[in-house]
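S.K.:
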Amino acid sequence: MIDPRRLVVLAAVALLALNPGMATASPAKPKPAATPSAVPPPPPPAEPLPPPKIYLFRGAMGPIFSTGMDRLSEKLAQAGFSADVYEFTVCRWIGDRAIASYKESPAPIVLIGHSMGGLCSVIISEMAAKENIPISLVITIDPAHATDDVPVNVERFINIFLSDSVLGGGNVVAVPGFRGHYASYDLKENSRVSHINIEKSDDIHRQIVEMVTRLPRIQAAQTEADAVPLRYLVPGDTLVELWDSGVRLPVRRGDTMESIAAVNRVPLWSLAQSNSLPENATLTPGQSIVVPRHLTPPDVAAAIAVPAAPGRR
Numbered sequence: 002m003i004d005p006r007r008l009v010v011l012a013a014v015a016l017l018a019l020n021p022g023m024a025t026a027s028p029a030k031p032k033p034a035a036t037p038s039a040v041p042p043p044p045p046p047a048e049p050l051p052p053p054k055i056y057l058f059r060g061a062m063g064p065i066f067s068t069g070m071d072r073l074s075e076k077l078a079q080a081g082f083s084a085d086v087y088e089f090t091v092c093r094w095i096g097d098r099a100i101a102s103y104k105e106s107p108a109p110i111v112l113i114g115h116s117m118g119g120l121c122s123v124i125i126s127e128m129a130a131k132e133n134i135p136i137s138l139v140i141t142i143d144p145a146h147a148t149d150d151v152p153v154n155v156e157r158f159i160n161i162f163l164s165d166s167v168l169g170g171g172n173v174v175a176v177p178g179f180r181g182h183y184a185s186y187d188l189k190e191n192s193r194v195s196h197i198n199i200e201k202s203d204d205i206h207r208q209i210v211e212m213v214t215r216l217p218r219i220q221a222a223q224t225e226a227d228a229v230p231l232r233y234l235v236p237g238d239t240l241v242e243l244w245d246s247g248v249r250l251p252v253r254r255g256d257t258m259e260s261i262a263a264v265n266r267v268p269l270w271s272l273a274q275s276n277s278l279p280e281n282a283t284l285t286p287g288q289s290i291v292v293p294r295h296l297t298p299p300d301v302a303a304a305i306a307v308p309a310a311p312g313r314r
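Residues 2 to 314 in the numbering used here are what the sequence shown spells out, letter by letter.
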């Protein structure tokens, strides 16, 4: 008699022989290949800004007393810019032309004026503000006392003046809510500077040309959000360095007023005035300190080059 267990085994062997695929496990279904996430294309390179349109304005009796503006125009032309010089008496007419030109072909606007020409530069800025047109740079050189406040559409404003000047002396401030870059330089302690030669400074001209040349890069590198306004009484017979604003930096352990000034390549007096501190003030780690910010690297070997004046006017 055949053992039933043997029958079961034999049946199983026969079944496997008839269907060998059952002897192995079914292979797992291959997973679809992972699709790599699409890499966003790099942003297109920013289109370079067109050359700035530069408008220079003389003061009263400009062909006699504001000849420095003509010299500045020549230096800008040598650097590859077109910079026309106008009398302040045609201020609003030139302002209308500048606004119309911007609407037709937008380009950075630069306004530079001496004496009444400084007042004109601010007037044109106000005209542009009503049209929502930005002004990239305004530089006033001993503007008239009657000069208005700087409007909010000005991105960078620099005032170089003599607070004790009768013909100029415009201590121009910015309107409330101004968020651009602002710097004010009072040169009254420099005995070589007067109202009728302040706009003839070769050193100031050099720095202005550098600012205009580097304006597109400066605009990309510096934001308005961190700009701290600067106001200085410049010590007599010292180099005029045209910073456009300050920036707040934290004090680190071991920092001193002298070491911060050296690292940031600014004179110690400027650091002291920026923070209303004595030059030998003790600093605390974590303390916030305002440091003047250069538009362009200063020429440490240069000195203010202003023709000697027989007397202050």
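Even glycine gets a Cβ: it sits at the ideal position worked out from N, Cα and C.
If you draw a straight line from the alpha carbon of R294 to that of V167, how long is it in whole angstroms?
M.R.: Position 293 of the sequence shown, counted from the start, is the residue given in the question as residue 294. Position 166 of the sequence shown, counted from the start, is the residue given in the question as residue 167. Computed Cα separation, rounded: 31 Å.
S.K.: Please classify E88: does DSSP put it in a helix, a strand, or coil?
M.R.: Your numbering for residue 88 matches position 87 in the sequence shown. Looking at E88 - three-state DSSP - the assignment turns out to be strand.
S.K.: According to DSSP, is V213 helix, strand or coil?
M.R.: For this step, residue 213 is matched to residue 212 along the sequence shown. Three-state result, V213: helix.
S.K.: Count the other CB atoms, across all protein chains shown, that sit within 10 Å of the CB of K104; report buried if there are 16 or more and exposed otherwise.
M.R.: Counting from 1 along the sequence shown, the entry for residue 104 is found at position 103. So K104 ends up on the exposed side.
S.K.: Would you kindly work out how many angstroms separate the C-alpha atoms of H182 and P64, rounded to a whole number?
M.R.: Here residue 182 refers to the residue found at position 181 when the sequence shown is read from its first residue. Here residue 64 refers to the residue found at position 63 when the sequence shown is read from its first residue. Spanning the two alpha carbons is a distance of roughly 31 Å.
S.K.: So for D143, helix, strand or coil by DSSP?
M.R.: If you number the sequence shown from 1, residue 143 lands on position 142. Three-state result, D143: coil.
S.K.: Quick check: what's the CA-CA separation for G312 versus T257?
M.R.: Position 311 of the sequence shown, counted from the start, is the residue given in the question as residue 312. Position 256 of the sequence shown, counted from the start, is the residue given in the question as residue 257. Model confidence at G312 stands at a pLDDT of 44, short of 50, so the residue's coordinates are unreliable and nothing is read from them.
S.K.: For R294, does the three-state DSSP call read helix, strand or coil?
M.R.: Numbered from its first residue, the sequence shown carries residue 294 at position 293. Looking at R294 - three-state DSSP - the assignment turns out to be strand.
S.K.: For K76, name the three-state secondary structure that DSSP assigns.
M.R.: Your numbering for residue 76 matches position 75 in the sequence shown. Three-state DSSP puts K76 in a helix.
S.K.: In this structure, does DSSP put D256 in helix, strand or coil?
M.R.: Reading the sequence shown from its first residue, position 255 is the one you call residue 256. In this structure, D256 counts as coil in the three-state DSSP scheme.
S.K.: Can you tell me the Cα-Cα spacing of G69 and A175, whole angstroms?
M.R.: Within the sequence shown, numbered from 1, the residue matching residue 69 stands at position 68. Within the sequence shown, numbered from 1, the residue matching residue 175 stands at position 174. Approximately 26 Å, taken between the alpha carbons.
S.K.: Do the region 181-201 and the region 74-86 touch if we need at least three Cβ pairs shorter than 8 Å?
M.R.: These segments do not touch.
S.K.: Near F179, which residues of its chain fall below 7 Å by C-beta distance, leaving aside the five closest residues on each side in sequence?
M.R.: In the sequence shown, the residue the question calls residue 179 occupies position 178. Here the set comprises V151 and V153.
S.K.: For N160, does the count of other Cβ atoms within 10 angstroms reach 16, so buried, or fall short, so exposed?
M.R.: Locating residue 160 in the sequence shown gives position 159, counting from the first residue. So N160 counts as buried.
S.K.: On a CA-only basis, which of I113, A78 and V264 is nearest G60? Give me that one, please.
M.R.: Position 59 of the sequence shown holds residue 60. G60 has its Cα closest to that of I113, out of I113, A78 and V264.
S.K.: DSSP beta-bridge partners for H115?
M.R.: Translated into positions along the sequence shown, residue 115 becomes position 114. The partner list for H115 (beta bridge, DSSP) reads I142.
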